[in-house]
Every structure is written in C-alpha cells, then in structure tokens.
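The next block holds one structure in the form of structure tokens; read it before the comments.
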Amino acid sequence: MRKLTSYLVLLTLLGSMLLTGCINNQNFEIHEWGVFVKGYECNETSVLTNPPELTFVYKPVIYFHSLENSTNVEVEIDFIKNVTAIPNATINDNKIIWNVTVENDSIKMADEETYYDYLFYEGEIIFSPHVTVMVTDEWSNVTYYVKNNESFTISNVFCVYGKCNDFTTTEDDWLECVYFGDLQPGEGKTVNDTDSGNIFNVTEAIDTLYDALISYGLTRDETQMLLNYWKDWWFYPTNLGNYTRVIYTIPQSIYDQLLPITVTPKPSSIVRVGIVTITDIPVLDLSNLSLTILTDRASYRVNDGINISLSITNRGDKDINLTFPDAQVADFEIVSGEGKQVYLWSSGRMFAQVITTLKVPAGESIELLNETWRADAREGNYTIVGWLPTTPKVYSNPITINIS
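Structure representation (structure tokens):
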C-alpha cells in the first residue's frame, strides 16, 4: 500500500474578545477550527493553513474581534514542530508562543506601523487516526465500509469517492458523497451506493457540515470561511484516477490533546472544532481476484487428517493491495450435508487489532491458509468454502469432500 510521508492539518483559530474593563477582568472567547489531513496509514501530520495543493495562504489563522483598546495577549500552541509562524513568534521545544498587542481587531507590531489581520502558523504534529476504510468498486456496485477504532465517537462521517477517469469536469455528479453519520467506538458501518438515503450530492454534504459546525459553536462567518476554504479540495477532484477522502469531526477533548492551546489572559470559553480528512484510500477492484480452496484428495475416513489450503490469485495486470480491519486476512468453514457448520477456521482464534495490508502482485497467487483438520465428524458429504473478510466478502468456489 502506498504510504504518504506526511499529513496535513489546517488550523484556523478565531478569537472573539469583548472588552469589559482592565485586561484581568475581560470576558472573551476563542474560536478555533482545524483540518487534519493525512494519507491512509501515515504517522506524521503537517499543520497547514491551506489545502496541500495550494501554494498561497488565502485565509488568516487567528482573529481577534471587538478589541478596540490596545491589549496584550499571549497565545501558546504546544506539540508542534518544523513551525512557520506569522507574525514572528518564539519557537522552541515544539512550542509556539506569540506575545502580541491587539488594537482595533488587528495585531500591532512593535514599530506601530505594521499591522496583521491574523496570526498564522504551520508545522508538523504526530497523529495517527485509528479508522479503517474500505472502498470496493465492482463497477456496477460500490460498497463503502468505515470502522471507528478510536476510544471516542467520530461524527459527521463522509466518504467521498470519484471513479477512475471520470474527472473531465468539476461537477459533483462525478463524485459519490456517502454519509455515515456518527460512529461510536468500535462501530463499523457498510453503505452500498444503492442506499439512496446515504448518498449525498456535494451541496447536501456541505450543508450537513455547515449545520454541524454551527452546532459546535462556530459563527456563521467562521463556518463559511472554513467551508469556502476547503470544499474544493474535499469535493472537487483535480486529478485523474481514483479520488478518495474520508471526512469526520473529532471531540474537542481530543483536539486539546493533539494541540494544547493556552491564552493569557484566560478566556471565559474556548470552542475548538477539529475535522480529520483521510486521503489516498485504496480502492479495491474485486473483478480480477479469485480464491481457490483445495484439499489433498476428495475422500477420507473418519478421523483422517484433511489438509486444506486457501489461495488468492490476481488475474489482472496491476498489483492489488487489500486492507483488513485486523490481522485476519482469510477464513473458511466446513458445512455438513444438512447445512450445519462443523468447523470454522477463525473460531477461538485471536487476531491483533491492527489495520493489515496484503499485496497481491499482478498475475501471481498467494497461499493465505494451510490447515489440517481432523475429520472427527460422522460419515457423509461436506462442503468447504473460503473467503476474504473484506467488505463485501470475496468467496471461493465451494468444494465437496466425502467422509466414510
């Protein structure tokens, strides 16, 4: 599987301060929104104020409102490295510290002639979202699967997918925006592209995010700025080929852990809204995959050892990368002539709860399982079938054995 070397995170902090007297007695509020962008299965995240395909920063980062009188404010961001900050800040020990004077909603520099409308920063953080995503494209049918492996709820989950070579315009008809809603810890959900209630157009997706951001406490202007800034990169592909995104919001408590913020004087409240965007999710084309299950012979005696192997073959001319939600990559079962399951390979086994990838090179076969089963069953015919625990599952052709 392709791995990116960096993630991208947009952090936009919007401050709103109301002057009520001396600085120690002020009531003010900080609003912050951040977009954390990562490649699927990457480990390091960059913090940028613009989508990664843009060169220029078109929007500010930290705004102060309703500060008419000159006020000294200190803003500190922790757990960030390789930082660029505007205006200049003290940067060391993975920390940014601004000591600024805010006057008439602008940041006044020491020369009293230079003003900034905002504070800006970018850099890198360590961040590993634990979310499993599978997109399976069978041309006439696309299946989406998202599982939340975090210890917290992820909300407003969207999967955005553009099919190969469809990007001749920027019309949203070329994309599928699949809505998963909220996913609780450990919850996985499958959506088929025939499920009309979960398939949104771009306008509907943006409206859903808009309402969610407002409900979290951002102002309409702040919400509109965020969406205007990111909607093209989220919903309008700029490249040919497969285009995949997963978008979701995280709780403020998690945002605070990733990038702690300290403001002096202490605000009366802080609203922080974090949106995670996962990119470069592999799209699984099942049409060129086949599973084969074999035994060493067709007839056995009771209590004989039956050798069973399960192999996967890539009949296509391109490598296929499979992704699994845990360490289990295959399974098989043995069923009696009466339809009763007498053996399941995975039963009683424990699998590491880590995202697992399997590369199947073009034109090659890989043996996934090789197991000896003791035929401790009564006489009769038995059917054996194997499968991949993908979404949807890929099954082998069944084979029949006889035990006498």
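FYI, the numbering for the sequence shown is 745 to 1148, going by my numbering. The C-beta atom is built at its ideal place from N, Cα and C for all residues, glycine as well.
Beta-carbon proximity check, residue 1143 vs residue 1037, cutoff 8 Å = Locating residue 1143 in the sequence shown gives position 399, where the first residue counts as 1. Locating residue 1037 in the sequence shown gives position 293, where the first residue counts as 1. Going by C-beta atoms, residue 1143 is nearer than 8 Å to residue 1037.
Chain-order list of residues whose beta-carbon lies under 6 Å from that of residue 828 (same chain, five-residue window excluded) | Counting from 1 along the sequence shown, the entry for residue 828 is found at position 84. For residue 828, where only same-chain residues beyond five positions count, the Cβ hits under 6 Å are 866.
Taking residue 730 as the reference, give the member of 773, 783, 819 with the closest Cα.
-> The displayed coordinates of the chain run from 745 to 1148. Any statement about residue 730 would go beyond what the structure contains.
Round the Cβ separation of residue 1032 and residue 1065 to the nearest angstrom and send it over; I've been treating them as touching at under 8 Å.
-> For the purposes of this step, residue 1032 is identified with residue 288 of the sequence shown, where counting begins at 1. For the purposes of this step, residue 1065 is identified with residue 321 of the sequence shown, where counting begins at 1. Not confirmed; about 13 Å, so no contact.
Proximity below 8 Å, CB of residue 1131 to CB of residue 1035 = In the sequence shown, the residue the question calls residue 1131 occupies position 387. In the sequence shown, the residue the question calls residue 1035 occupies position 291. In this structure, residue 1035 lies closer than 8 Å to residue 1131 by Cβ.
Cα-Cα separation, residue 888 to residue 878 = Locating residue 888 in the sequence shown gives position 144, counting from the first residue. Locating residue 878 in the sequence shown gives position 134, counting from the first residue. For residue 888 and residue 878, the distance between alpha carbons rounds to 6 Å.
Could you tell me the distance, in whole angstroms, from the CA atom of residue 1084 to the CA atom of residue 1128?
-> Position 340 of the sequence shown, counting from 1, holds the residue named residue 1084. Position 384 of the sequence shown, counting from 1, holds the residue named residue 1128. Rounded to the nearest angstrom, the two C-alpha atoms are 12 Å apart.
Starting from residue 977, follow its DSSP beta bridges and name the residues at the other end.
-> In the sequence shown, residue 977 corresponds to position 233, counting from 1. Answer is none; residue 977 lacks a bridge partner.
When you compare only the Cα positions, how much space is there between residue 849 and residue 842?
-> For the purposes of this step, residue 849 is taken as residue 105 along the sequence shown, with counting starting at 1. For the purposes of this step, residue 842 is taken as residue 98 along the sequence shown, with counting starting at 1. Distance between the alpha carbons of residue 849 and residue 842: 16 Å.
Using a threshold of 8 Å, state whether the C-beta atoms of residue 975 and residue 950 are closer than that.
-> Along the sequence shown, one-based indexing puts residue 975 at 231. Along the sequence shown, one-based indexing puts residue 950 at 206. Going by C-beta atoms, residue 975 is nearer than 8 Å to residue 950.
Range of the contiguous beta strand (DSSP E) that encloses residue 887 | In the sequence shown, counting from the first residue as 1, residue 887 sits at position 143. It spans 886 to 892 - the beta strand (DSSP E) in which residue 887 sits, taken as one unbroken run.
Among all the DSSP beta bridges, which residues are the ones paired with residue 1146?
-> Translated into positions along the sequence shown, residue 1146 becomes position 402. Residue 1146 is bridged to 1043, 1125.
Are the beta-carbon atoms of residue 999 and residue 1016 separated by less than 8 Å?
-> Locating residue 999 in the sequence shown gives position 255, where the first residue counts as 1. Locating residue 1016 in the sequence shown gives position 272, where the first residue counts as 1. In this structure, residue 1016 lies closer than 8 Å to residue 999 by Cβ.
What span of residues does the alpha helix (DSSP H) with residue 1002 cover, start to end?
-> Here residue 1002 corresponds to residue number 258 of the sequence shown, with the count starting at 1. Where residue 1002 is concerned, the enclosing alpha helix (DSSP H) stretches over 996 to 1002.
Host beta strand (DSSP E) of residue 696 (start-end) = Because the chain is modelled from 745 through 1148, residue 696 falls outside the range shown and cannot be assessed.
What do you reckon, are the CB atoms on residue 885 and residue 921 nearer than 8 Å?
-> Indexing the sequence shown from 1 puts residue 885 at position 141. Indexing the sequence shown from 1 puts residue 921 at position 177. For residue 885 and residue 921, no; Cβs fall outside 8 Å.
Could you tell me the boundaries of the beta strand (DSSP E) in which residue 946 lies?
-> Translated into the one-based positions of the sequence shown, residue 946 becomes position 202. Run containing residue 946: none in the beta strand (DSSP E); it sits in the alpha helix (DSSP H), 946 to 960.
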